[in-house]
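Undergrad: Here it is: the structure, laid out below.
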Amino acid sequence: GAVVSQHPSWVICKSGTSVKIECRSLDFQATTMFWYRQFPKQSLMLMATSNEGSKATYEQGVEKDKFLINHASLTLSTLTVTSAHPEDSSFYICSARLRSSGLYDNEQFFGPGTRLTVL
Amino acid sequence: DQQVKQNSPSLSVQEGRISILNCDYTNSMFDYFLWYKKYPAEGPTFLISISSIKDKNEDGRFTVFLNKSAKHLSLHIVPSQPGDSAVYFCAASVGRDDKIIFGKGTRLHILP
């Protein structure tokens, strides 16, 4: 159980285009989903926290108009990188937290990640 | 300012021996700590956690030790196996519902 999927797993796009990445919790409801970004040999950097039905909370330094997050249901969150540029190339990972379960307190289940390459 | 620090970028350990991965934190408000394992091009997978009311938590070959006064925790893997070769992230949060802050990770190589 507790599987999180991401789609696509790999995307190449031209500079200036927008890219949407989907994150789904397959067998559980996630009240909260998180979006991370990882540069080579770097830590996972939290970009934003999204709760179903409300606006995402962005971390300091993350442009909310550039990285649009929608958490329309308890099983789906999307990250849209708008007007992507080469510096946006990175590995984007989402995670989902189980809806109030004592067994997995604060345990986040991660998706497999999406490799974005902007040409 | 990095709140969770893993000062060793890599570690090599002989198969069968003990692997010890270290982590330091600066935020005294952190009261929940986690370790994740990550293979290349995959998302992290949860390994083990510990709350600040404990100083040790064990799960099979994995044991996490917490030293609150030193703001230090460590992950022990014994015996180390080839499949343990991966990047290990230390992470911490304030309370169980707060966001998780990750360290930069330590790449563990298990040598045959």
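Residue numbers (the working numbering), protein chains in the order written: chain P, 1370 to 1488; chain L, 245 to 356.
In this text, a Cβ means the ideal position worked out from N, Cα and C, and glycines have one as well.
Would a check of beta-carbon distances place P:GLU1476 closer than 9 angstroms to chain L?
TA: Taking the first residue of the first sequence as 1, we reach residue 1476 of chain P at position 107. At least one chain L Cβ lies under 9 angstroms of P:GLU1476.
Undergrad: Quick one: what does DSSP say L:ASP268 is sitting in, helix, strand or coil?
TA: Locating residue 268 of chain L in the second sequence gives position 24, where the first residue counts as 1. Reduced to three states, the DSSP call for L:ASP268 is strand.
Undergrad: Thinking C-beta only, is P:ALA1417 closer than 9 angstroms to P:LYS1433?
TA: Residue numbering aside, residue 1433 of chain P sits at position 64 when the first sequence is read from its first letter. Residue numbering aside, residue 1417 of chain P sits at position 48 when the first sequence is read from its first letter. Taking 9 angstroms as the Cβ cut-off, P:LYS1433 and P:ALA1417 qualify as a contacting pair.
Undergrad: Rounded to the nearest angstrom, what separates L:LEU310 and L:TYR280 at their Cα positions?
TA: In the second sequence, residue 310 of chain L corresponds to position 66, counting from 1. In the second sequence, residue 280 of chain L corresponds to position 36, counting from 1. For L:LEU310 and L:TYR280, the distance between alpha carbons rounds to 16 angstroms.
Undergrad: What does the alpha-carbon distance come out to for the pair L:ILE264 and L:LYS298?
TA: Reading the second sequence from its first residue, position 20 is the one you call residue 264 of chain L. Reading the second sequence from its first residue, position 54 is the one you call residue 298 of chain L. Each residue's Cα considered, the two are about 19 angstroms apart.
Undergrad: Using a Cβ-Cβ cut-off of 6 angstroms (strictly less than) and excluding sequence neighbours within five positions of P:GLY1385, which residues of its own chain qualify?
TA: Sequence index remark: in the first sequence, residue 1385 of chain P carries index 16 (1-based). Within the same chain, P:GLY1385 has close Cβ partners SER1452.
Undergrad: So P:LEU1415 contacts chain L; which residues on that side make the cut at Cβ distance below 9 angstroms?
TA: Here residue 1415 of chain P is taken as the residue at index 46 of the first sequence, counted from 1. By Cβ distance, chain L contributes LYS343, ILE344, ILE345, PHE346.
Undergrad: Quick one: is P:PHE1479 buried, meaning 16 or more other Cβ sit within 10 Å of its Cβ, or exposed?
TA: In the first sequence, the residue the question calls residue 1479 of chain P occupies position 110. With 16 or more other Cβ atoms within 10 Å, it is buried.
Undergrad: Once the 5 residues before and after L:PHE346 are set aside, which same chain residues still bring their CB inside 7 angstroms of it?
TA: Position 102 of the second sequence holds residue 346 of chain L. If we look at L:PHE346 and ignore the five residues flanking it on each side, its Cβ neighbours are VAL248, PHE333, ALA335.
Undergrad: Return the residue from the list P:LEU1467, P:PHE1397, P:VAL1450 that minimises the CA-CA distance to P:ARG1484.
TA: Counting from 1 along the first sequence, the entry for residue 1484 of chain P is found at position 115. Minimum Cα distance to P:ARG1484 is reached at P:VAL1450.
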